[in-house]
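Have a look at the structure below, then the notes.
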Amino acid sequence: MPELPEVETTCRGLQKHMAGTVIQQVLLSRSNLRKPVPDNLGSILSGKKVDQVKRRGKYILIFLEEQYVLLIHLGMSGRIIHAPQAIPRDRHDHFCWQINNGGWFHFRDPRRFGLIDLLKKIEIDDYVLFKNLGPEPLDDTFTNKFLGQILQKRDTPIKTLLLNQQIIAGIGNIYACESLFYAGISPLRPAKSLDKNEVNILRDMIRQTLNKAIAAGGSSARDYIQPNGEMGLFQHQWVVYDQEGKACKRLSCTGTIKRSMQAGRSTFYCPCCQQ
Ligand SMILES: [Zn+2]
144 MPELPEVETT CRGLQKHMAG TVIQQVLLSR SNLRKPVPDN LGSILSGKKV DQVKRRGKYI
204 LIFLEEQYVL LIHLGMSGRI IHAPQAIPRD RHDHFCWQIN NGGWFHFRDP RRFGLIDLLK
264 KIEIDDYVLF KNLGPEPLDD TFTNKFLGQI LQKRDTPIKT LLLNQQIIAG IGNIYACESL
324 FYAGISPLRP AKSLDKNEVN ILRDMIRQTL NKAIAAGGSS ARDYIQPNGE MGLFQHQWVV
384 YDQEGKACKR LSCTGTIKRS MQAGRSTFYC PCCQQ
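Going by our numbering, the first residue of the sequence shown is number 144, and it counts up by one from there.
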């Protein structure tokens, strides 16, 4: 599933190619994905100028002139492809739009867990998907003190907690596993067992890992690609995620990467150097 770095990479690609342009044509081949697509999508989008594209958690927000925001969630397998001119439509291209320089964008989602919605700018904070969403880990407000306060009373294993979007927005399985490895913290530990120093290290490693992944264009694990059609490259830098049975990459560690299940998700870690 695309996580914060993949969605951020997608947003940057859309911002680069869409900001300041006008949406001219909208093609919709399904009336529903995970949820019904708004009936008025085509009429609202057509003729509207795009102001900017931003990310919130794992959601793409395309701000239009006047009052509307187009929201896209990539779901499990979604991606957005940009082409400078018309390209053939794939059978999984459920939503395509053209801008006034002739460029096309195709939202491709084979598993159809994605989401398309329209909301008004004034409704964003109260929107059902955002009102309980946790803070952005790359914002300045995500401080050591803030993370420490979140963790201090919770018995939940730290890795499971990092996946909770109401606690922190945007982190999924890949970046939770990778950040905990770099912090040297076992994913199995109760969140409240982390001391102050460990909280500080974890916060730094979350931010470093996310920033490194964004710089690499995200991780192209299965379906995800960048809007320019290039693969993300961060999967080549994974140290624990999907590395079960391989030797630990930490210098001086002789451990082997293990996989275990936590809250129904695979956790990858080194039992030797993650304490
Ligand atoms: Zn190790």
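Backbone N, C-alpha and C fix where the C-beta goes; we use that ideal spot for every residue, glycine too.
Rounded to whole angstroms, what is the Cα-Cα separation between F377 and E151? Within the sequence shown, numbered from 1, the residue matching residue 377 stands at position 234. Within the sequence shown, numbered from 1, the residue matching residue 151 stands at position 8. Each residue's Cα considered, the two are about 14 Å apart.
Rounded C-alpha distance that separates H216 from K296: As a working note, residue 216 is residue 73 in the sequence shown. As a working note, residue 296 is residue 153 in the sequence shown. Those two C-alpha atoms are separated by around 32 Å.
Residues in its own chain within less than 7 Å of Q195 by CB, not counting five upstream and five downstream? Taking the first residue of the sequence shown as 1, we reach residue 195 at position 52. Excluding residues within five positions, the ones whose Cβ falls inside 7 Å are Q158, A162, F206.
Could you tell me whether the Cβ atoms of P280 and I328 are closer together than 9 Å? What you label residue 280 is simply residue 137 of the sequence shown in a count that begins at 1. What you label residue 328 is simply residue 185 of the sequence shown in a count that begins at 1. In this structure, I328 does not lie closer than 9 Å to P280 by Cβ.
Of the residues F256, C239, C320, which one's Cα is nearest the Cα of E387? Numbered from its first residue, the sequence shown carries residue 387 at position 244. Cα-wise, what sits closest to E387 is C320.
Strand pairing of R202, partner residues [DSSP]: Sequence index remark: in the sequence shown, residue 202 carries index 59 (1-based). The question names Arg, but residue 202 is Tyr in the sequence shown. For Y202, which the question treats as bridged, DSSP gives the partners R199, H216.
Judging by CA-CA distance, which residue of G200, L353, L171, A358 is the nearest neighbour of D233? For the purposes of this step, residue 233 is taken as residue 90 along the sequence shown, with counting starting at 1. Of the listed residues, the one whose Cα sits closest to D233 is L171.
Leaving out five residues before and five after E146 in sequence, what residues of the same chain have Cβ atoms less than 7 Å from its Cβ? Within the sequence shown, the letter at position 3 stands for residue 146. Hits under 7 Å: K201, G313, I314, G315, I317, Y318.
Quick one: measure Cβ to Cβ for T303 and N244, integer angstroms, because I've assumed they're closer than 8 Å. One-based indexing of the sequence shown puts residue 303 at position 160. One-based indexing of the sequence shown puts residue 244 at position 101. The pair is not a contact, with the Cβ atoms about 45 Å apart (cut-off 8 Å).
Do R234 and ligand 1 come close, with the Cβ less than 8 Å from some heavy atom? In the sequence shown, residue 234 corresponds to position 91, counting from 1. No.
At the level of alpha carbons, what is the spacing between D283 and P231? By 1-based counting over the sequence shown, the position of residue 283 is 140. By 1-based counting over the sequence shown, the position of residue 231 is 88. Their Cα atoms are separated by approximately 43 Å.
For the candidate residues R255, L184, F256, P278, whose alpha-carbon lies nearest to that of R198? If you number the sequence shown from 1, residue 198 lands on position 55. Of the candidates R255, L184, F256, P278, the one whose C-alpha sits nearest the C-alpha of R198 is P278.
Sequence-distant residues of its chain with Cβ nearer than 7 Å to H225 (five each side left out): Looking up residue 225 in the sequence shown gives position 82. Only G156, H160, G246, F248, P370, N371 meet the Cβ criterion.
Any heavy atom of ligand 1 closer than 8 Å to the CB of R402? For the purposes of this step, residue 402 is taken as the residue at position 259 of the sequence shown. No, the beta carbon of R402 sits no closer than 8 Å to any heavy atom of ligand 1.
Using a 10 Å radius around the Cβ and a threshold of 16 neighbouring Cβ atoms, would you call M404 buried or exposed? Locating residue 404 in the sequence shown gives position 261, counting from the first residue. The residue in question, M404, is exposed, as its Cβ has fewer than 16 Cβ neighbours within 10 Å.
Taking its Cβ as the centre, do 16 or more other Cβ atoms sit within 10 Å of H237, making it buried, or is it exposed? Mapped onto the sequence shown, residue 237 falls at position 94. H237 should be labelled buried.
Check whether the Cβ atoms of I166 and S186 sit closer than 9 Å, and answer yes or no. As a first step, residue 166 is located in the sequence shown; it is residue number 23 there, counting from the start. As a first step, residue 186 is located in the sequence shown; it is residue number 43 there, counting from the start. Result no, Cβ atoms of I166 and S186 do not sit closer than 9 Å.
In DSSP terms, what P122 is bridged to: Absent from the model: residue 122. The displayed extent of the chain is 144 to 418, so no value can be given.
Between the beta-carbon of K263 and the beta-carbon of V212, is there less than 9 Å? Along the sequence shown, one-based indexing puts residue 263 at 120. Along the sequence shown, one-based indexing puts residue 212 at 69. Result yes, Cβ atoms of K263 and V212 sit closer than 9 Å.
Based on the DSSP output, what are the partners of Q308 in its beta bridges? The count along the sequence shown starts at 1 and reaches residue 308 at position 165. Paired residue(s): none; Q308 is not in a bridge.
Per-residue burial, S174 [other beta carbons within 10 Å of its own, 16 or more giving buried]: Along the sequence shown, one-based indexing puts residue 174 at 31. S174 comes out exposed.
Backbone CA spacing between Y270 and N307 [nearest angstrom]: To locate residue 270, count along the sequence shown from 1; it is residue 127. To locate residue 307, count along the sequence shown from 1; it is residue 164. About 18 Å.
Return helix, strand or coil for V271, following the three-state DSSP convention. Here the question's residue 271 lines up with position 128 in the sequence shown. Note: V271 maps to coil in three-state DSSP.
According to DSSP, which residues form a beta bridge with H237? Against the sequence shown, residue 237 aligns to sequence position 94. Answer is none; H237 lacks a bridge partner.
Within the segment 335-417, ranges of the beta strand (DSSP E) (whole runs, at least 3 residues): 401-405, 408-412
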